[in-house]
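Here's the structure we're looking at; comments come further down.
Protein chains: 2
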Amino acid sequence: MSLLVIGTVAFDAIETPFGKTDKIVGGAATYAGLAASYFYDKTKIVAVVGDDFPQSEIADFNAHGIDTEGLQIKKGEKSFFWSGKYHNDMNSRDTLVTELNVLADFDPVIPESYQDCEYLMLGNLTPQIQQTVIKRLKNRPKLIVMDTMNFWMDIAMDDLLETIKLVDVLTINDAEARQLSGEYSLVKAAAKILTMGPKYLIIKKGEHGALLFHEDKIFSASALPLAEVFDPTGAGDTFAGGFIGYMAKVGTISFHNMKNAIIFGSALASFCVEKFGTEKIKNLTEAEVSNRVQQFVQLSAFEIA
Amino acid sequence: MSLLVIGTVAFDAIETPFGKTDKIVGGAATYAGLAASYFYDKTKIVAVVGDDFPQSEIADFNAHGIDTEGLQIKKGEKSFFWSGKYHNDMNSRDTLVTELNVLADFDPVIPESYQDCEYLMLGNLTPQIQQTVIKRLKNRPKLIVMDTMNFWMDIAMDDLLETIKLVDVLTINDAEARQLSGEYSLVKAAAKILTMGPKYLIIKKGEHGALLFHEDKIFSASALPLAEVFDPTGAGDTFAGGFIGYMAKVGTISFHNMKNAIIFGSALASFCVEKFGTEKIKNLTEAEVSNRVQQFVQLSAFEIA
C-alpha cells in the first residue's frame with residue numbers, strides 16, 4: 044500500500060512584490076510529495092530531473108520518508124526550469140521563461156516496487172503523461188486525484204478530456220472550471236464536469252478557499268486570511284498533496300473524509316505561501332500543522348441553536 | 044426598544060444577462076428593512092420618497108410590520124431613481140442613470156416615537172446624512188451598523204472617516220476595504236480599519252462569502268453557491284438588514300452572535316439575488332428561511348476528530 048505522486052521536480056526562479064529568488068527547487072511533485080509526507084509515510088515519487096539537480100535535495104525528500112526510486116536522473120541533461128513574476132495582487136503572474144529540458148521526452152517509468160500504489164496523485168503535467176501513468180499501474184488505484192491547468196485546456200483539450208474520464212477527483216481553479224465547462228456559475232460548471240468522469244470536483248479559489256462537489260452535495264472551505272502572501276508558487280500542488288496524503292492516511296473514500304482532507308490540504312497550502320518555494324513546507328513540526336488546522340476549525344465555526 | 048433603518052427607498056431599473064425591468068421598487072432601506080423584518084418585529088424606517096411612490100408599496104412595508112412614520116412623502120416631487128446594467132460576470136455593473144430627485148435635500152427627521160431605537164442600521168447614503176441621524180438620536184443606540192460604498196470614498200472621504208468613527212460595525216466589500224485602508228491584504232486592511240472607529244468589520248465578498256473581523260479574531264462565512272444569480276441588486280443591503288435584524292432579536296452584542304447574524308444575513312441575501320428586485324425577499328416563509336439557514340450550516344460543516 045502506498046501513495047504515488049507524479050509531476051515535475053524542477054527549478055523555479057520567482058519574482059514577487061516581496062523579492063526575488065535565484066533558481067530554487069520547485070515542481071508539482073516536489074510540493075505535493077512534501078505535503079503528503081506530513082500525513083502518510085509511504086509516499087513515492089515518479090518524476091525526471093537532469094544531473095544538475097542537487098543530491099542534497101533528493102536526500103531531503105528521503106528525510107521526509109519519500110521514496111525516490113522512480114525519480115529518473117538524466118545524465119548530461121538539465122532539469123525543467125520555470126521562471127515567473129507575480130503581479131501586485133499575487134493572483135496573476137507572467138511566465139518569463141519555460142525551459143522544458145528533461146521534461147520534453149519524459150517517459151514515466153513505474154518501478155516494480157511502486158505497483159502496490161493505492162493512492163495516485165497526478166500532479167500538473169501533460170494529460171498524456173498523466174494517462175500513461177494510470178495505464179502502467181497493474182491495478183487501478185483506490186483513489187486517483189488529478190490536478191491540471193488552463194494551459195492544457197488551451198493546447199490539449201482532447202487529451203485532457205480523455206484523462207479526466209479516468210480519475211476520481213479533479214482539482215482545478217474557478218477560472219479553469221469555467222473554461223472546462225463553458226458555464227459561468229460554478230454550480231452549473233461542477234454539474235457538467237461531474238458528468239465528464241470525476242465523481243468529485245474540487246474548485247480552488249485561492250484566498251477565497253475551495254469548493255468540493257459530489258453528487259448533489261457541496262462543501263465550502265474557507266482559506267485562512269493571511270497578512271502576507273509571500274509567494275503563491277506551489278500552493279495548489281501543496282493543497283493537492285496534503286489532500287491525498289490525508290485521504291491515504293484515513294483510508295476510506297467518503298465525502299466526509301474529503302471535507303477534512305480539504306482542510307488539511309488548505310492548512311499546508313497556507314504555510315506554503317508564507318515563504319519562497321518549499322522553504323516553509325520542508326520544515327514543519329506536527330504541532331505547527333495541528334495548530335494551523337485548529338485555526339481553520341475556529342475560522343469557520345458557528346453554532347446556530 | 045426598536046430597530047431603526049435609514050437609507051434610500053427608491054426606484055430602480057435593472058438590466059442583467061437574464062432580462063430587464065421597468066421601474067421597480069428598490070433602495071437600501073427597502074431591502075434592509077424587509078430583511079430585518081423577518082427576525083425583528085419592531086423595525087422602523089427613515090427615508091424620503093416623492094408622491095410617485097405607490098401607496099401599495101408602503102402598505103407592503105406595514106404588512107411586514109415595518110413602521111413607516113419616518114418615511115417622508117414629498118408632494119410634487121419624484122423618488123430617487125437609479126438604473127444600471129450588470130455585466131456577464133454579475134460582479135460589475137455600469138450605472139446608466141442616477142436621478143437624485145427627493146434625495147438631493149433629504150433631511151432625515153426622526154419621529155419622536157423612534158427615539159426608543161436601540162439598533163441603528165445606517166444604509167448606504169451620504170456619510171453626512173448617516174452622521175446626522177446618529178446625532179439626532181437622544182440616546183446612543185446599543186449597536187450602530189453602517190454600510191457604505193466606494194462612491195463616498197471617492198467624493199467624501201473626510202465625511203466618511205468622521206462617520207465611521209461613530210459606528211460599531213462597518214460593512215463594505217473587499218475592494219472598498221482595500222481602498223479605505225490602502226492595504227491589499229484584507230488582514231492588514233481590517234487591522235487598519237479597526238483603528239478608525241468600528242469595533243467590528245464585515246468584509247462582503249459576494250459569491251465568496253463574508254469575513255468578520257473583531258480584535259484579533261476572524262470569522263469566515265461561505266456564500267451559498269447558486270446555479271443562477273438573477274439580479275444582485277440589493278444583496279448587500281439585504282445582508283446588512285438580516286444581520287442587524289438578527290442582532291436585535293438576540294439582543295446581546297458578541298462575536299458569537301455576530302457570526303450567526305452573518306449566516307442569517309447571508310441566507311436572506313441568497314434569496315434576494317434569485318429574482319429581480321424585492322420580489323423574492325418580500326414573500327418568504329419562516330420555513331424557507333430556516334431551511335436556507337440549514338443549507339448554510341451543512342455547506343461549511345466539517346468535523347476533525
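Heads up: the protein sequence lines correspond to chains G and Y, in order. With the working numbering, you'll find the first sequence wraps up at 348, consecutive numbering, no jumps. With the working numbering, you'll find the second sequence wraps up at 348, consecutive numbering, no jumps. In this text, a Cβ means the ideal position worked out from N, Cα and C, and glycines have one as well. Predicted model only: the values in this text are computed from it and were never measured.
- Message: Please list, in chain order, the residues of the stretch 179-199 of chain Y that have any C-beta partner in chain G closer than 7 Å.
- Response: Residues of the stretch 179-199 of chain Y with a C-beta less than 7 Å from any C-beta of chain G: none at all.
- Query: H130/G CB to nearest chain Y CB: under 8 Å?
  - Reply: Taking the first sequence and counting its residues from 1, one reaches residue 130/G at position 87. Contacts with chain Y at 8 Å (Cβ-Cβ) do not include H130/G.
- Completely contained alpha helix (DSSP H) runs for the stretch 143-191 of chain G, where each covers 4 or more residues: Within the stretch 143-191 of chain G, the complete alpha helix (DSSP H) runs of at least 4 residues are 170-179.
- Query: What does E271/Y reach in chain G if we use C-beta pairs closer than 9 Å?
  - Reply: Indexing the second sequence from 1 puts residue 271/Y at position 228. Simply S228, V230 and K231.
- Message: Let me see if you follow: with CB-CB separation under 8 Å, is I306/Y close to chain G or not?
- Response: Taking the first residue of the second sequence as 1, we reach residue 306/Y at position 263. It does; some Cβ of chain G falls within 8 Å.
- Message: Strictly below 8 Å CB to CB, what residues from chain G border L342/Y?
- Response: Residue numbering aside, residue 342/Y sits at position 299 when the second sequence is read from its first letter. Near L342/Y (Cβ distances below 8 Å), the residues of chain G are I261, F262 and S263.
- Residue of D95/Y, I287/Y, E219/Y and N167/Y minimising C-alpha distance to N144/Y: The residue labelled residue 144/Y in the question sits at position 101 within the second sequence. Distances from the alpha-carbon of N144/Y to those of D95/Y, I287/Y, E219/Y and N167/Y put D95/Y closest.
- Task: Measuring only between beta-carbons, confirm whether P268/Y sits less than 8 Å from chain G.
- Result: By one-based count along the second sequence, residue 268/Y stands at place 225. Answer yes: the Cβ-Cβ gap between P268/Y and chain G drops below 8 Å somewhere.
- Compare the C-alpha of A310/Y against each of C160/Y, T281/Y and K292/Y and name the closest. Position 267 of the second sequence, counting from 1, holds the residue named residue 310/Y. Cα-wise, what sits closest to A310/Y is T281/Y.
- Message: Looking at K292/Y: is its Cβ nearer than 8 Å to the Cβ of F345/G?
- Response: Walking along the second sequence from the start, residue 292/Y turns up at place 249. Walking along the first sequence from the start, residue 345/G turns up at place 302. No, they are not a contact pair.
- Task: Measuring alpha carbon to alpha carbon, tell me which of Q338/Y, V336/Y and I347/Y ends up nearest Q341/G.
- Result: Here the question's residue 341/G lines up with position 298 in the first sequence. Taking each of Q338/Y, V336/Y and I347/Y in turn and checking the Cα distance to Q341/G, the smallest one comes out for I347/Y.
- Query: V336/Y CB to nearest chain G CB: under 8 Å?
  - Reply: As a working note, residue 336/Y is residue 293 in the second sequence. With 8 Å as the cut-off, V336/Y counts as an interface residue toward chain G.
- Message: Is there a C-beta anywhere in chain Y that falls below 8 Å from the one on I236/G?
- Response: Here the question's residue 236/G lines up with position 193 in the first sequence. Residue-level contact by beta carbon fails for I236/G and chain Y, as no gap is shorter than 8 Å.
- Query: Is H251/G close to chain Y, meaning its C-beta is less than 8 Å from at least one C-beta of that chain?
  - Reply: Residue 251/G sits at position 208 when you count from the first residue of the first sequence. Yes, contact with chain Y.
- Would you tell me roughly how many angstroms separate the C-alpha atoms of T138/Y and F61/G, rounded to the nearest one? The count along the second sequence starts at 1 and reaches residue 138/Y at position 95. The count along the first sequence starts at 1 and reaches residue 61/G at position 18. Distance between the alpha carbons of T138/Y and F61/G is about 37 Å.
- Task: Let me know the secondary structure DSSP gives Y350/Y once reduced to three states.
- Result: One cannot answer for residue 350/Y here, as it falls past the ends of chain Y, which runs 44 to 348.
- From the DSSP output, in three-state form, read off V272/G for me. As a working note, residue 272/G is residue 229 in the first sequence. Coil, per DSSP.
- Query: For K208/G versus G240/G, is the C-beta distance shorter than 8 Å?
  - Reply: Here residue 208/G is taken as the residue at index 165 of the first sequence, counted from 1. Here residue 240/G is taken as the residue at index 197 of the first sequence, counted from 1. Closer than 8 Å, so yes.
- Message: Helix, strand or coil, according to DSSP, for Y129/Y in the structure here?
- Response: For the purposes of this step, residue 129/Y is identified with residue 86 of the second sequence, where counting begins at 1. The answer is strand: DSSP assigns Y129/Y an E or B state.
- Item | Buried or exposed by the 16-neighbour rule on C-beta atoms within 10 Å, applied to K248/G | Numbered from 1 along the first sequence, position 205 holds the residue referred to as residue 248/G. Flag for K248/G reads buried.
- Query: Buried or exposed: which applies to G288/Y, given that a residue is buried once 16 or more other Cβ atoms fall within 10 Å of its Cβ?
  - Reply: Working through the second sequence from its first residue, we reach residue 288/Y at position 245. Around the beta carbon of G288/Y, 16 or more other beta carbons sit within 10 angstroms, so the residue counts as buried.
- Query: Roughly how far, in whole angstroms, is the beta-carbon of Y81/Y from the beta-carbon of G252/Y, given that I think they are within contact range, below 8 Å?
  - Reply: If you number the second sequence from 1, residue 81/Y lands on position 38. If you number the second sequence from 1, residue 252/Y lands on position 209. Not a contact, Cβ separation roughly 20 Å.
- Task: Identify the contact partners of I88/Y in chain G, using a Cβ-Cβ distance below 8 Å as the criterion.
- Result: On the second sequence, position 45 is the one that residue 88/Y refers to. Those within 8 Å of I88/Y in chain G number zero; the least Cβ separation is about 28 Å.
- Query: Do we get a CB-CB distance below 8 Å when we pair F298/Y with the residues of chain G?
  - Reply: For the purposes of this step, residue 298/Y is identified with residue 255 of the second sequence, where counting begins at 1. Closer than 8 Å to the CB of F298/Y there is not a single CB belonging to chain G.
- Could you tell me which residues DSSP puts in a beta bridge with D55/G? As a first step, residue 55/G is located in the first sequence; it is residue number 12 there, counting from the start. Its beta-bridge partners are I67/G and W125/G.
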